[in-house]
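**Q** Sharing a structure here in structure tokens format.
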Amino acid sequence: MRFSYHCLLSLLLTTGSASAFITSPAGRSATFLNANTVTRKPNSAVEIAITAPGTATSAAFDKACSELSKNVTIAGFRKGAKIPPKVLEGALAARGGRSAIRAQAINALVAELVEPALKSEGVTPIGQPTLIVSAEELAETFEPGKDIEIKVACDVWPAIKFTSEEAYKGLKGSYTRKPFNQEKFDTAMADLRDRYAETSKIDDPTAKLAMGDACVVNMVGYMATADGEKGEPLPNAASGDNVEIILGQGRYMEGLVEGLIGASVGDTKTVTVAFPDKLRDKSLAGKKAVFDVNVLETSTRSLPELNDEFAEKVRPGLTIESLKEELRKAIDEEDSKEYVGARNKALADALAEVLDVEVPETIVQQQAKEKYTLMMTEMRDGGTSDAEIKKLITPENFQKYRDIVADDIKKDFKISMASDYLGEIEQIEVPANQIDEQMGALKKEAESVGEAFEEAAIRPKVEATLQRRLVFDFLAGHADLEVIYSDEKEPEFDAALMEKLGEESLKREQDVESA
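Letter by letter, the sequence shown follows residues -20 to -1, 1 to 495 of mature numbering (1 follows the signal peptide of the UniProt record, and there is no 0).
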């Protein structure tokens, strides 16, 4: 029988009272109306003293008596009858529950008064506030009708502070990427020259076509039979008259250019070609065909010199140097997308250094539990038996794991909070068309594998993730990063960081809406 790792972890690893993971309002911190009742503690924790008036203690005590009377049988009283408090306390004390009524009354006061008190002081707790002095201990001095001071502690969402004003601008760091792709630049420039090549008709009808020449032909195509002979005629779209063909590698279907090398005007060449596997017309994709190609005219082609005259033809106002610069920039920007992860890691490391944020212990504990649960699940999926995994899930093992991952959890939390804050103060918004485009791609992907697409649930996550990317683009635009060019492969950055930060931001926003 399989068991729930989440349930087992909750039973074995919970220290103190169990607390649900609640996320914070983005970029906000707690403010307090009455400083005398609130004491700040390390790691973004606070202690709040709440005074319950005598009317409240009396009402809570009476209610506790009434509830306990329903479940206690005492000689001389019928079940459910009202029992005097002293008699009830005496009966409970004889059964080992001397302070049961008063402890229950205190717990009722906590349930009734703590939440309103937190709200009145502007405190947004993370998880469940806990009593500093237990209800059993407080019961020793509890007197119905008299005021009582109850102290609770809770973690709160920390303030976002930087080591200096706008320290997030000018972040310093470095990352490694491959050098500029000169081969791609040379290929792009050659393609551009080829596009503007000039043709000159060959007057000699006996001249033979060579690679780089051009010709005008009539083409009639047939499906190839199993033995390579002509079969059924191809659709008209696959044939044609007065078709210009430039003899260059990789321009057309495999076999066409090669079959025309050495042909002259008036020749009819029979060539066998293979249609590409990814051809739009699925009826022809990946299949072989036979073409009768009649050469009508041949021409030589001359490539333009790389000078200002050529650049002017490409776009008025360009010089050859500005053309090269634009081409280099376009190629470099395209290649740099491969290294956005490495760039973002450098930015995240630098951002964490200029943040002064106390990370609540509740966050560390909860995130460590989630990571630990995931690790156990992956071990099971990897073949480890349930019995072996159960042996590993102990408070001691979890504490060791928690100590190992704590620093990374704190860093991720800081970056997530800072990303939300920067998105807000710098007014970084995701254009609607980008969200729609991403949603469309995800929907298409889901439909292709037969999965349901829950747009209402997915859209906020997509928007939050895209905003994280824009925030890091903003940081990069204001950073002082050193780019180290190397042919060695850089270790991959966790590509899920943006998505993770986006999900954390979304949780915080949902918490604000539900508060």
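For glycine and all other residues, C-beta sits at the position ideal for the given N, C-alpha and C.
Under three-state DSSP, which class holds F473?
**A** Low confidence applies here, because F473 scores a pLDDT of 47, under 50, leaving its location unreliable and the question unanswered by this model.
**Q** Looking at C-beta atoms only, is the number of pairs between the region 134 to 147 and the region 336 to 347 that lie closer than 8 angstroms three or more?
**A** yes
**Q** Is E234 close to chain C, meaning its C-beta is less than 7 angstroms from at least one C-beta of that chain?
**A** Absent from the structure: chain C. Only one protein chain is present.
**Q** Given a threshold of 16 other Cβ atoms within 10 Å of its Cβ, counted over all protein chains shown, does M191 qualify as buried or as exposed?
**A** exposed
**Q** Which residues in the same chain as G221 place their Cβ atom closer than 6 angstroms to its Cβ, once the five residues preceding and following it in sequence are excluded?
**A** It should be noted that the sequence gives Asp, not Gly, for residue 221. Contacts found: N198.
**Q** Between Q447 and the rest of its own chain, which residues show a CB-CB distance below 6 angstroms, the 5 nearest in sequence each way excluded?
**A** Cβ within range, chain order: G403, V410.
**Q** Using the beta-carbon count (16 or more within 10 Å), is F41 buried or exposed?
**A** buried
**Q** Which class does E306 belong to by DSSP, given the choice of helix, strand or coil?
**A** The three-state reading of DSSP puts E306 in helix, counting H, G and I together.
**Q** Return the CA-CA distance between N14 and E95, expressed in angstroms with no decimal places.
**A** With a pLDDT of 32 at N14, under the threshold of 50, the modelled position of this residue cannot be trusted; read the value that follows with caution. Those two C-alpha atoms are separated by around 16 angstroms.
**Q** Where do the N-terminal and C-terminal ends of the beta strand (DSSP E) with Q229 fall, by residue?
**A** That residue, Q229, is in no beta strand (DSSP E); it is neither H nor E in DSSP.
**Q** Output yes or no for whether 7 angstroms exceeds the beta carbon distance between L331 and I395.
**A** Yes.
**Q** Going by the DSSP bridge assignment, what does Y155 pair with across the sheet?
**A** V463
**Q** Just grab the DSSP bridge partners of F142 for me.
**A** L335
**Q** Look up E123 in the DSSP assignment and give the residues it is bridged to.
**A** E123 is not bridged to any residue.
**Q** Reducing DSSP to helix, strand and coil, say where D221 ends up.
**A** strand
**Q** Using the Cα positions of D312 and I182, report the straight-line distance between them to the nearest angstrom.
**A** 40 angstroms
**Q** Keeping to the same chain, check which residues put their C-beta closer than 7 angstroms to that of G211; ignore five residues upstream and five downstream.
**A** Y202, M203, A204, T205
**Q** Given L298, which residues of its chain have a CB within under 7 angstroms of its CB, disregarding the five upstream and five downstream residues?
**A** In chain order, A291, E292 place their CB closer than 7 angstroms to the CB of L298, counting only its own chain and leaving out the 5 sequence neighbours on each side.
**Q** Can you find the residues in the same chain that come closer than 6 angstroms, C-beta to C-beta, to K188, ignoring five residues on each side of it along the sequence?
**A** G242, S244
**Q** Using the C-alpha atoms, what's the distance from E146 back to residue 498?
**A** Here the chain has residues from -20 to 495 only, and residue 498 is not among them.
**Q** Compute the distance between the beta-carbons of A32 and T17, then report whether it is under 7 angstroms.
**A** no
**Q** Quick one: what does DSSP say G102 is sitting in, helix, strand or coil?
**A** coil
**Q** Which runs of the alpha helix (DSSP H), 4 residues or longer, sit entirely within the region 329 to 389?
**A** 341 to 361, 366 to 372
**Q** Please identify the residue among R360, Q347, L372, D400 whose C-alpha is closest to the C-alpha of D387.
**A** For the set R360, Q347, L372, D400, the Cα lying nearest the Cα of D387 is the one of Q347.
**Q** What residue range is occupied by the uninterrupted alpha helix (DSSP H) comprising E435?
**A** DSSP places E435 in the uninterrupted alpha helix (DSSP H) bounded by 435 to 457.
**Q** By how many angstroms is the C-alpha of I373 removed from the C-alpha of T364?
**A** Each residue's alpha carbon lies about 13 angstroms from the other.
**Q** Going by beta carbon distance, what residues of the same chain come within less than 8 angstroms of L93, once the five residues before and after it are set aside?
**A** Hits under 8 angstroms: I30, A32, A36, I130.
**Q** Within the continuous alpha helix (DSSP H) that includes I415, where are the two ends?
**A** 412 to 428
**Q** Just verifying my parser: in three-state terms, what is the DSSP assignment at I86?
**A** helix
**Q** Kindly indicate which three-state DSSP category A97 falls into: helix, strand or coil?
**A** In the structure shown, A97 sits in a helix (DSSP, three-state: H, G or I).
**Q** Which class does T37 belong to by DSSP, given the choice of helix, strand or coil?
**A** DSSP places T37 in helix when its eight states are reduced to three.
**Q** What does the alpha-carbon distance come out to for the pair D247 and L259?
**A** Computed Cα separation, rounded: 29 angstroms.
**Q** Buried or exposed, going by whether 16 or more other CB atoms sit within 10 Å of the CB of T11?
**A** With a pLDDT of only 32 at T11, under the threshold of 50, the placement of this residue in the model should not be trusted, and no figure is reported.
**Q** Under the rule that 16 or more other beta-carbon atoms within 10 Å means buried, what is Y352, buried or exposed?
**A** buried
**Q** Using the Cβ count rule (16 or more neighbours within 10 Å means buried), how would you classify D193?
**A** A buried status is given to D193, since no fewer than 16 other beta-carbon atoms sit within 10 Å of its beta-carbon.
**Q** Applying the criterion that 16 or more other CB atoms from any shown protein chain within 10 Å of the CB defines a buried residue, is L335 buried or exposed?
**A** buried
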